[in-house]
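Report on the structure given below.
4 protein chains.
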Amino acid sequence: MAQEHKLLSGKEVALHNTRQSCWIIVHGNVYDVTDFLDDHPGGSKIILKYAGKDATQEYDPIHPPDAITTNLPPEKHLGPVQLDTVEKVEVVITDEEKARQQRIAARPSLDEILNLHDFEAIARKVMPDKAWAYYSSAADDEITNRENHAAYHRIWFRPRVLRDVTKVDWSTKILGYKSSMPVYITATALGKLGHPDGELNLTRAAASHGVIQMIPTLASCSFDEILDAAQPGQVQFFQLYVNKDRNITKRIVQHAEERGIKGLFITVDAPQLGRREKDMRMKFEAEDPAEVSKAGKGSVDRSQGAARAISSFIDPGLNWGDLKWFKSITKMPLILKGVQCWEDALEAYDQGLAGVVLSNHGGRQLDFARSGIEVLVEVVAKLGEKRGLSFPNEKFQLFVDGGVRRATDVLKAVALGATAVGVGRPFLYAFSSYGPEGMDKAFQILHDEFEMNLRLLGAPTLKDVVPTMVDASNIHSHIVSVPGDRLYDSNYESMQHATLREPKTKL
Amino acid sequence: MAQEHKLLSGKEVALHNTRQSCWIIVHGNVYDVTDFLDDHPGGSKIILKYAGKDATQEYDPIHPPDAITTNLPPEKHLGPVQLDTVEKVEVVITDEEKARQQRIAARPSLDEILNLHDFEAIARKVMPDKAWAYYSSAADDEITNRENHAAYHRIWFRPRVLRDVTKVDWSTKILGYKSSMPVYITATALGKLGHPDGELNLTRAAASHGVIQMIPTLASCSFDEILDAAQPGQVQFFQLYVNKDRNITKRIVQHAEERGIKGLFITVDAPQLGRREKDMRMKFEAEDPAEVSKAGKGSVDRSQGAARAISSFIDPGLNWGDLKWFKSITKMPLILKGVQCWEDALEAYDQGLAGVVLSNHGGRQLDFARSGIEVLVEVVAKLGEKRGLSFPNEKFQLFVDGGVRRATDVLKAVALGATAVGVGRPFLYAFSSYGPEGMDKAFQILHDEFEMNLRLLGAPTLKDVVPTMVDASNIHSHIVSVPGDRLYDSNYESMQHATLREPKTKL
Amino acid sequence: MAQEHKLLSGKEVALHNTRQSCWIIVHGNVYDVTDFLDDHPGGSKIILKYAGKDATQEYDPIHPPDAITTNLPPEKHLGPVQLDTVEKVEVVITDEEKARQQRIAARPSLDEILNLHDFEAIARKVMPDKAWAYYSSAADDEITNRENHAAYHRIWFRPRVLRDVTKVDWSTKILGYKSSMPVYITATALGKLGHPDGELNLTRAAASHGVIQMIPTLASCSFDEILDAAQPGQVQFFQLYVNKDRNITKRIVQHAEERGIKGLFITVDAPQLGRREKDMRMKFEAEDPAEVSKAGKGSVDRSQGAARAISSFIDPGLNWGDLKWFKSITKMPLILKGVQCWEDALEAYDQGLAGVVLSNHGGRQLDFARSGIEVLVEVVAKLGEKRGLSFPNEKFQLFVDGGVRRATDVLKAVALGATAVGVGRPFLYAFSSYGPEGMDKAFQILHDEFEMNLRLLGAPTLKDVVPTMVDASNIHSHIVSVPGDRLYDSNYESMQHATLREPKTKL
Amino acid sequence: MAQEHKLLSGKEVALHNTRQSCWIIVHGNVYDVTDFLDDHPGGSKIILKYAGKDATQEYDPIHPPDAITTNLPPEKHLGPVQLDTVEKVEVVITDEEKARQQRIAARPSLDEILNLHDFEAIARKVMPDKAWAYYSSAADDEITNRENHAAYHRIWFRPRVLRDVTKVDWSTKILGYKSSMPVYITATALGKLGHPDGELNLTRAAASHGVIQMIPTLASCSFDEILDAAQPGQVQFFQLYVNKDRNITKRIVQHAEERGIKGLFITVDAPQLGRREKDMRMKFEAEDPAEVSKAGKGSVDRSQGAARAISSFIDPGLNWGDLKWFKSITKMPLILKGVQCWEDALEAYDQGLAGVVLSNHGGRQLDFARSGIEVLVEVVAKLGEKRGLSFPNEKFQLFVDGGVRRATDVLKAVALGATAVGVGRPFLYAFSSYGPEGMDKAFQILHDEFEMNLRLLGAPTLKDVVPTMVDASNIHSHIVSVPGDRLYDSNYESMQHATLREPKTKL
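Residue numbers (full-length UniProt numbering), protein chains in the order written: chain D, 1 to 507; chain B, 1 to 507; chain E, 1 to 507; chain W, 1 to 507.
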């Protein structure tokens, strides 16, 4: 099926440097993108900047590896170029980028990173703005995004004392595979935005620290690169966006199984990708307004941000009826990622799946979806009531993700019945700020926190972290206060504490 | 009844330019307003500025078209003027107005408007202060105004997954008429404050986008202008303030029916117009304090703002007994606009009306009235209990308005039983900031949001948006926190995250 | 009993101008305060400033008229001085006072005062700091003080529509006496701090506006001055602090009855006056620290502020057993002011009193006492349950005070069973900022608000303001949120709305 | 067992001033700390600064007296030095320290200290940063730390009126011993950080003011110093961290009993010390980053702050089985300090202990542990239900600590069943800001507050402070609001009150 092409010279490619005829080079291959210019989700301007040139460096972090081959029809794939004949693109370092490099140089020592929040604080300063916007943004008003974290703060501990906690053990099993902690690295897209090694940072850290990585469909690194980077025997899961073309999905799934993937997490909360307005707004800052208005009405809406751009293949028609087909094409355990009410968790159980991830996609899909930890409370209660199940349960495992920053958050989920908790953004921020050493530090922090908190809870093992160790009675309280009385408040003169005397001038 | 007048010359009018004899020209007719000066709700100063001159430009945006003819006795209507003999009023452009014009020129491209909030942000910058004050102000401390929006945030979704949402359809019927979305343009006054075309912007957008406009009694454009601007077959509703003089009301209602109005929404929450203090305060900035104090005790209280000024005709005696009369003068379906508890909704049902709008008038009437969405929960429960009704219900339709900014807000109301939701201010802000293109964008945003959110809810049609898709259990929680402990809080030193190292000076 | 004194000359008095012998003149009489210097609650410094001089101007606003005669033993009352021989005290106007006078001159016109909050905003700017501190301060952390207002915001309306509200009437009866509104002027101390006419402002406004004034024991004006200022037939109540010396109390009570007082409100929430730290802190700013430290340990604690200083006579031994005695000395109806739970309200009822004021003394006594409006809900429920009473009730009347700023606040109390509501500070701020015209405006605002709100509630009279018109189900919710997650919050990057383009420099 | 050493000369010691051989002098004894440098929890840098010199002044405030002898093996104890031959360490006063000294000089007079908050406000300004960080820091995000105080604000009073409160008495008995108030000084570590006399300030104030001090295991002063400072007959308790080496613990306990300690409070909430990140972060500011990175991976993690450094001896294996042994070695009443749920309180009761302290260690251990006052409500209810106990109870006493700042806080705990309340940080801040006079003032404030509040509650004695005097129905409400709608809020234009006119320039 592969086409035969003659080897193009850099000189020849360089001639196609206009809107009328625009060729670009990516990974040593030449593509004619002239007709695609107005359809490019990132706008035409950024492509035209590389017209006739090598765009690989710009392309890599913000596209999955096969984006260009998938989106361009085969006849626009013009074949390989003689790389030594290609003129180097002179990278102009902007003042903004210089300032960023200075900030990178000013990062504090890793010893000063005390918690997962700290990675985020540093990442925000040292990542390119677009990359930060893509990672940190969420849906609409980002209410659900923040609620994911806030919900954990409505759960309080009921620790036990005078238990021998000399030895504490927070290792566990996830789908039957060992994990050094009740945490897995959940799937997140576009890892290269934060670090040139992208998802490989996660793969390597997972190996070193005995945790399981869930590989995303929309990785910046290719699936095989990630598998190749794994250690022998390293357990990995795979997150699947189901393609409208089931043959593609079948190929991907069976390839994953062949390569040894141990669990298939089918994303069910993203029939369409959410509006991440912070990400969308970021785009306009990079655009020339004149250019924008010229493009006019007929052109593609480029305001949808990186997320939408890379996800148009996802099938909104996926439904419960498809599960039978999945069972027919793979023997991997099937888990639904993105279940948000007990009714769907029950259905998944009744259909014989291996578990569900109670998740709202990190707050990036439906705003005002409830947090996974809140849904967990409801699911455990109802599946107990309807099917006599108790949790954690090896046969039907419950996972939650979203908003986790502390081992205490994880332990609350475990007490309430979760097998393990998915952590995403904090690891992205860890490698975006400090690369692989950041990953090591992140896991060290989590291990330290698990050890301390199990001791303080009076729980030598995770089995001892039981429902009565938490008070989650306020979990469903969605309170918005009565709007403030601005006139009364502005008239109120605050209490003041004692203050030092003003220095007096000498006589 | 019309009086015969000789055509006056501009020169003659110009002589009456003092407090002792003050004539003004509006729409080519001359009026003697000498005796009215101290009764003018907007103060005498602004009239005296136009004494002997053409005041049309100043008059138009802040008065309903017939305000002057209604308020002045017939003998003060001095008849038409020879317009070519009238001296042009030299419009002095103030520095403030120049700055506003610069802000208008600096509006971002419409592509950068991502949600309905954005129109409000831009409108606030580009509208004249008085116009902004009139649109945005609400009653007393504006608690209810903000609660209207806040209440939606106490309702959370319970989305379903694995449903085929390839095709999603958010069209519906309102009083039996098709609407492209479960939203109608609700009645709001004085559209010309925001744009010279006033309410016509709404009429035209309603036609283009397949939604229904509710025409306000207090429009800046005349009723017939608005009807004339409609497309053939375009469905429109009419909002009615009932006049103390029932003959006037009868004439208005029957005229509306003749012109094809499909539903009569009788406002019942405004026997007297609310105190909108933000609007009232704005007035004083335009006044000369010396003038104000001279006027003294005897004069009319001019501190009531635009709202009160135009509404003195409304009948506070309107009561349930009047409904029979309404049924006798029109066959249009009757809907009460402004119902605020289940008891009155039940009465409306028992009296055979077509529906009720659960509304507090956008927070502009009684402060501490509950939000429409909160009242909806109570009405659905009680009418189910007392009359066995379920909602949405074609026979007795429930509407809510107030505080809506997102399609998610609308979908929450639909899930809870509303047929459709009225949106007012966001559309005013859309045309006030960007004219008709703003309206188009506003509807495009809503359509985009409906499509995405129905997919993410797992609801192919509005019928699938059912009560179990939301958790509204906190809707009645009106929480005001215990006042803060200022001494404790001021002593607390906040946690700090890791920070970049300070740059060092070179050796 | 009166002593005979020879008329002293100013010259003679002027000799006693030292700490060793310190005489002062107040209202034309001379007092030897040498031994009292260290006991003066306001410190010795301020007295020594007037040693040998006329201190009347300084004395008047911050002392009840009989403070000096009561506190000094009779032998220190040296008799009258020849006033024309007394040297005038040169009043030095400080820069601070000059600035205050400029602020007074810059007050906005009364037309710009739109609500009771506005008086407070202006009073804060134009009152002397000490006076503001005395009026505005409350107990401890001022939690109860602010809760008094906040509690009203937890009560929401359920208004009715389509009722004939052409005529609305908010007049009522209090203890059988007509009042133009369900509001009375409650007792507050030291009226001259805010205006030279002190409490007479209240007396006169009460007459003009048809409301009832409750005269305070600790008025700046004498009881008889206040009575003399009343109009014929004007109804007044009296607030009583009970003296340890019951003979004094008996004399006061019987004098009040003779002068026609119609109700005796016995304060029961102040066996000791609360710590008003804002007031206490203010004192130190006026003191010379050197002086303060010299005084040392032995001296009186002068840090207690004005409140404590004037209240040492109050009897902490007052108890239920005393009520019989009160009934024996007066026929005036007896009302307990400061009841704070249903148990005490029930006891008052059982003892045959005329009513209770549910009050926490404006938040100036026990911090974390609940608001009167909250206690009202409990009292109405329990007295209904235990004694079959319903409210409002002519035989046993319930009043509340504290935190009222709007007619809506009052109407909430009426709906819940109160006969009337006491308003204190807002009237102090009204006359402190604008004198008697301020009082007129304050009542005009209240009347306007009552008229509008009764219409908007659908209640032609106060009898129509019934319990189902409010939802007070959250009244007992004393919520303090979980402390904020400062690290998470500081990492969160807020959503931003669309913004105007930055102005570009010309070519 | 003591080794014999020859007396070393200062000169000889001074030779060992390098990383290769590092001796220091503490309290006249020489120690070889060369091998310990990299294990020092405070980092090597600070030790190397004193290499070959006398480190006593630096050592004293931040180490318990026996820290060095315990941590260094006996062979590194090189014996006494001839003190007169030791070179004085020249203390360089930094600019920062100079500024601090100026702040100390500018402290307000003690008369201006009105409440316990004020000590904290001043202490924060005048303490060295490290000391402030150690005292004020708490675990993780310091949520529990602040919740401890916040929880009291969810409890409101139901005061009684008309009770004779002429005499009020707030004295009580704790474990049978008299206390002038229902407060004891709870155990806190490292008192010399705040004042050179350290814990002796507490001992002396306890004697003067008739309260009981609980002596901490981790005091800066030695146990015997503290006992020696007590007055004859002064009652003291002892807080015990249980050592892994039970012989050490046995020796300590029996020594305490011999010296007359009246109660043994065994800490059970600290099998491992919590992460106090504010304290940890402080460390890095004192370190040279170059030094930090050189130390590299192999070295001890010095980021754990002062708390962890001094607590490594604590036995995480301590369990219920150990209680029998404790009973065998002492006759002192045994109380568990740090119980956090009713189940453990019940177990303590069933095991025959004398009481429990419901405490989370001032928020310094497990974050999201509930406040002691919240746990109290649960314990009283359940021990009533399960064992028929009522509280306060002489046989099994309940104590709470954490977050107390006002006598009202204490009285809430008493009303709910506590025998007494432990106060820690406020006393540290009192002596850190004002030394012993600060302690006197702190107790005077508490006495004043108790007197006033008992009067205002209508409770002549603590026995009259009963459960119905408080409403604690919201104590278990752990509310975190729905995250704010930033776009809506940023568009909302706040109400403004009336303002003064801008000054006009003269003509």
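All C-beta atoms, glycine included, are put in the ideal place defined by N, C-alpha and C.
Point to revise | Identified DSSP bridge partners for residue 423(D) | key: Note: residue 423(D) is bridge-paired with 185(D) in the DSSP secondary-structure output.
Review point. Nearest to residue 509(W) by CA position, among 360(W), 58(W), 76(W) and 6(W), is which residue?
Key: Nothing can be reported for residue 509(W), as the shown portion of chain W is limited to 1 through 507.
Review point. From which residue to which residue does the beta strand (DSSP E) around residue 240(W) run?
Key: Residues 236–240.
Review point. How would you write the range of the alpha helix (DSSP H) that residue 490(W) sits in, first residue to last?
Key: Under the DSSP assignment, residue 490(W) falls in the alpha helix (DSSP H) whose first and last residues are 486–491.
**Study point:** Any chain C beta carbon closer than 8 Å to residue 318(B)
**Key:** Absent here is chain C; the protein component of the structure consists of chains D, B, E and W.
Review point. When DSSP labels each residue in this structure, what does residue 82(D) get in the three-state scheme?
Key: It is coil, neither helix nor strand.
Check your understanding: In chain order, what residues of the same chain lie with their CB nearer than 7 Å to the CB of residue 244(W), ignoring the 5 residues before and after it?
Key -> The answer, listed in chain order, is 313 and 315.
Exercise for review: Figure out for me which residue from 54(E), 445(E) and 351(E) has the closest Cα to the Cα of residue 86(E).
Suggested key: Taking residue 86(E) as reference, the option from 54(E), 445(E) and 351(E) with the minimal CA-CA separation is 54(E).
Check your understanding: Got a sec: is the Cβ-Cβ distance from residue 414(W) to anything in chain E below 8 Å?
Key -> Interface residue (Cβ-Cβ distance to chain E less than 8 Å): residue 414(W) is not classified as such.
**Study point:** Minimum length 3: unbroken beta strand (DSSP E) runs contained in the region 192–228 of chain E
**Key:** Segments of the beta strand (DSSP E) lying fully in the region 192–228 of chain E: 212–215.
Point to revise | 6 Å CB neighbourhood of residue 187(D) in its chain, flanking five on each side removed | key: If you ignore the 5 residues before and after residue 187(D), its C-beta comes within less than 6 Å of the C-beta of 214, 216 and 239, all in its own chain and listed in chain order.
Review point. Which first and last residues belong to the alpha helix (DSSP H) in which residue 513(E) is found?
Key: Within the shown structure, residues of chain E are numbered from 1 to 507, placing residue 513(E) beyond reach of any answer.
**Study point:** Listed by chain order, chain B residues near residue 108(D) by CB distance under 9 Å
**Key:** In chain order, 498, 499, 500 and 501 make up the part of chain B whose C-beta sits under 9 Å from the C-beta of residue 108(D).
Exercise for review: Pull out every residue of the region 367–383 of chain W whose Cβ sits closer than 7 Å to any Cβ of chain D, in chain order.
Suggested key: Under the 7 Å Cβ criterion, the region 367–383 of chain W contributes 367, 368, 369 and 370.
Practice item. Quick one: measure Cβ to Cβ for residue 330(E) and residue 257(E), integer angstroms, because I've assumed they're closer than 8 Å. Key: Approximately 5 Å separates the beta-carbon atoms of residue 330(E) and residue 257(E); this is inside 8 Å, confirming the contact.
Exercise for review: Quick one: measure Cβ to Cβ for residue 366(B) and residue 206(B), integer angstroms, because I've assumed they're closer than 8 Å.
Suggested key: In fact, because the Cβ distance is near 29 Å, the residues do not count as touching under 8 Å.
Review point. Which residue comes first and which comes last in the beta strand (DSSP E) that contains residue 265(B)?
Key: Where residue 265(B) is concerned, the enclosing beta strand (DSSP E) stretches over 264–267.
Practice item. Note down, in chain order, every chain E residue with its Cβ under 9 Å from the Cβ of residue 441(D). Key: The contacting residues do not exist; residue 441(D) stays about 16 Å from chain E at best.
Review point. Is it buried or exposed for residue 268(D), if we count other Cβ within 10 angstroms and need 16 for buried?
Key: It is buried - the Cβ of residue 268(D) has at least 16 other Cβ atoms within 10 Å.
Review point. Counting only beta-carbon atoms, is residue 278(D) nearer than 8 Å to chain E?
Key: Judged by the 8 Å Cβ criterion, residue 278(D) is in contact with chain E.
Point to revise | Contact set between residue 478(D) and chain B, taken where Cβ atoms lie within less than 7 Å | key: In chain order: 154, 156 and 474.
Exercise for review: With residue 326(B) as the anchor, note down where its alpha helix (DSSP H) starts and where it stops.
Suggested key: For residue 326(B), the uninterrupted alpha helix (DSSP H) run begins and ends at 323–329, by DSSP.
Practice item. Tell me where the alpha helix (DSSP H) around residue 119(D) begins and ends. Key: It spans 116–126 - the alpha helix (DSSP H) in which residue 119(D) sits, taken as one unbroken run.
Check your understanding: CB-CB under 6 Å to residue 234(B), same chain, minus the five flanking residues each way: which ones, in chain order?
Key -> Same-chain partners within the cutoff: 207.
Review point. If we ignore side chains and look at the alpha-carbon of each, how far apart do residue 117(E) and residue 401(E) end up?
Key: Just so you know, the alpha carbons of residue 117(E) and residue 401(E) end up roughly 17 Å apart.
Review point. What is the DSSP secondary structure of residue 26(W), counted as helix, strand or coil?
Key: It is a strand residue.
Practice item. Compare the Cα-Cα distances from residue 143(E) to each of 354(E), 360(E), 90(E) and 398(E) and report the closest residue. Key: When only C-alpha atoms are compared, the closest one is 360(E).
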